[in-house]
Amino acid sequence: MTNSVPAERAVAFSGVVKAFGPLRAVDGVDLEILRGETVALLGRNGAGKSTAISLLLGLDAPDAGRVELFGGPPADAVRAGHVGAMLQEGRLVPRVTVRELVSFVAGRYPAPLPVGEALALAGIEELAGRRVDKLSGGQTQRVRFALALAGTPSLIVLDEPTAALDVEARQAFWASMRAYARRGHTVLFSTHYLEEADRHADRIVVMDHGRIVADGTGEQVKRSAGGSTVSLDLAGRGTEGLTLLPGVVAVEVRGDRARLRTEDSDATVIALARLGAIRGLEVTAASLDEAFLALTTAPLTPEAV
Ligand SMILES: Nc1ncnc2c1ncn2[C@@H]1O[C@H](COP(=O)(O)OP(=O)(O)OP(=O)(O)O)[C@@H](O)[C@H]1O
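Note that full-length UniProt numbering gives residue 201 to position 201 of the sequence shown, counting from 1, and the numbers run on in steps of one.
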């Protein structure tokens with residue numbers, strides 16, 4: 001067995017459905033993640049993130065569609081040591097030390113990280129001699145991160161990795177995760193925190209009601225939610241024609257100032273410039289929070305109910 005992984009695609013979901021009774025927790029997901037990407041899976045409680053991660057790891061089988069890791073069934077990639085995971089639950093075995101546990105797990109992989117390196121990457125060298133059942137929640141979380149790294153996986157999957165961490169541990173965790181990603185490894189993590197997704201991922205995939213509702217960089221996600229606002233002084237001009245400008249989806253007038261909500265601020269500004277109407281021009285991008293809310297709180301359409 002080798003640890004070489006030829007496929008460019010680390011993860012491929014095509015038409016994946018997983019239902020629990022009448023509820024479609026994952027509802028027709030198509031998703032590709034290339035090797036070396038760091039991707040955040042973002043969504044509210046119950047959006048389907050953990051279910052998608054279970055399918056990805058082969059812990060659960062889809063009712064329809066196909067999931068592949070490195071061009072083959074998830075179970076093959078997991079067995080070959082290409083995948084490391086840190087899931088939300090799972091107790092650590094008691095009565096052993098952190099070093100013993102990490103050594104044991106590393107020893108089961110064909111090409112493990114040296115144990116000292118796994119401990120250092122997870123920031124837990126000082127905990128090496130401690131018993132794993134005597135650790136705090138945040139310390140336990142970091143041990144689980146070391147275990148996920150132990151086999152030098154090409155793909156690491158982290159389900160809400162910072163949930164139990166304080167601010168300092170959270171920063172240390174992201175620094176470790178990025179160091180691992182910089183080695184060319186693929187990272188997929190789920191989170192509720194927009195800030196984390198925007199700061200630590202190359203790409204954000206937003207899930208809602210089991211579906212992917214946006215996929216792109218933080219900037220692209222903001223744009224896909226009806227992106228930015230262009231404000232300008234009307235300087236006595238009328239507002240007629242503003243709604244027809246390229247990209248504009250809504251116009252609001254307050255006193256002598258117009259606010260144009262636009263999906264393409266560049267095109268809107270160029271058109272305004274052609275009209276000579278760029279007094280007091282200001283362009284503001286929607287915050288990722290605003291984009292996220294716009295994408296995930298939209299009422300269900302009648303056919304989706
Ligand atoms: N084993 C199960 N049996 C029945 N329903 C389930 C099961 N697992 C998940 N669900 C339901 O599927 C939907 C998606 O759940 P999932 O845990 O994937 O969401 P999530 O995005 O990970 O949420 P959270 O952020 O709260 O962890 C939810 O409505 C949940 O109640």
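Heads up, the beta-carbon is just placed ideally off N, CA and C, and yes, glycines get one too.
Item: Residue of I156, L232 and T191 minimising C-alpha distance to A179; Value: I156
Item: Distance cut-off 7 Å: residue 313 Cβ against heavy atoms of ligand 1; Value: Since the displayed the chain opens at 1 and closes at 305, residue 313 lies outside it and no answer follows.
Item: contact_flag[the segment 8-28, the segment 199-210] where n(CB pairs < 8 Å) is 3 or more; Value: yes
Item: Within 8 Å, strictly: CB atoms of P246 and A273; Value: no
Item: A250 beta carbon less than 8 Å from that of R261; Value: yes
Item: Terminal residues of the beta strand (DSSP E) in which E282 lies; Value: E282 to A285
Item: L121 versus S176: straight-line alpha-carbon distance, rounded; Value: 6 Å
Item: Residue burial classification, A64 (beta-carbon count within 10 angstroms, cutoff 16); Value: exposed
Item: Own chain residues within Cβ distance below 6 Å of A12, not counting five before or after; Value: E32 and E68
Item: L135 to A169 span [Cα, whole Å]; Value: 14 Å
Item: A201 versus A294: straight-line alpha-carbon distance, rounded; Value: 21 Å
Item: Per-residue DSSP class, three states only, for V96; Value: coil
Item: D159 - DSSP class collapsed to helix/strand/coil; Value: strand
Item: Extent of the continuous beta strand (DSSP E) run through T229; Value: S228 to D233
Item: Of the listed residues R254, V269 and Q139, nearest to L244 (C-alpha basis); Value: V269
Item: Terminal residues of the alpha helix (DSSP H) in which K18 lies; Value: Here K18 belongs to no alpha helix (DSSP H); instead the beta strand (DSSP E) covers R9 to F20.
Item: Residue closest to G216, alpha-carbon to alpha-carbon, out of A40, G58 and L242; Value: A40
Item: Cβ contact (3+ pairs, closer than 8 Å) linking the segment 113-131 and the segment 186-203; Value: no
Item: Sequence-distant residues of the same chain with beta carbon closer than 7 Å to D27, five excluded per side; Value: V17, H209, G210 and R211
Item: Check: A61 C-beta below 7 Å from any heavy atom of ligand 1; Value: no
Item: Reference D289; option with closest CA among E240, L275, V230 and V206; Value: V206
Item: Heavy atom of ligand 1 within 7 Å of A285 beta-carbon; Value: no
Item: S103 beta carbon near ligand 1 (any heavy atom closer than 7 Å); Value: no
Item: Near ligand 1: S231 beta-carbon under 7 Å from a heavy atom; Value: no
Item: Beta-carbon proximity check, V143 vs L92, cutoff 8 Å; Value: yes
Item: Supposed close pair S230, S265 - CB separation, criterion 8 Å; Value: Checking the sequence shown, residue 230 turns out to be Val, not Ser. V230 to S265, Cβ: 6 Å. Contact.
Item: Pair within 8 Å by beta-carbon distance, A10 and S103; Value: no
Item: Close beta carbons around S14, own chain, < 6 Å, minus the five adjacent residues each side; Value: D30, G65 and R66
Item: Rounded separation between G292 and R223 - CA only; Value: It should be pointed out that residue 292 corresponds to Phe in this sequence rather than to Gly. Taking the straight line joining both Cα atoms gives about 11 Å.
Item: Coil, strand or helix - G111 by DSSP; Value: As written in the sequence, residue 111 is Ala, which differs from the Gly given in the question. Coil, per DSSP.
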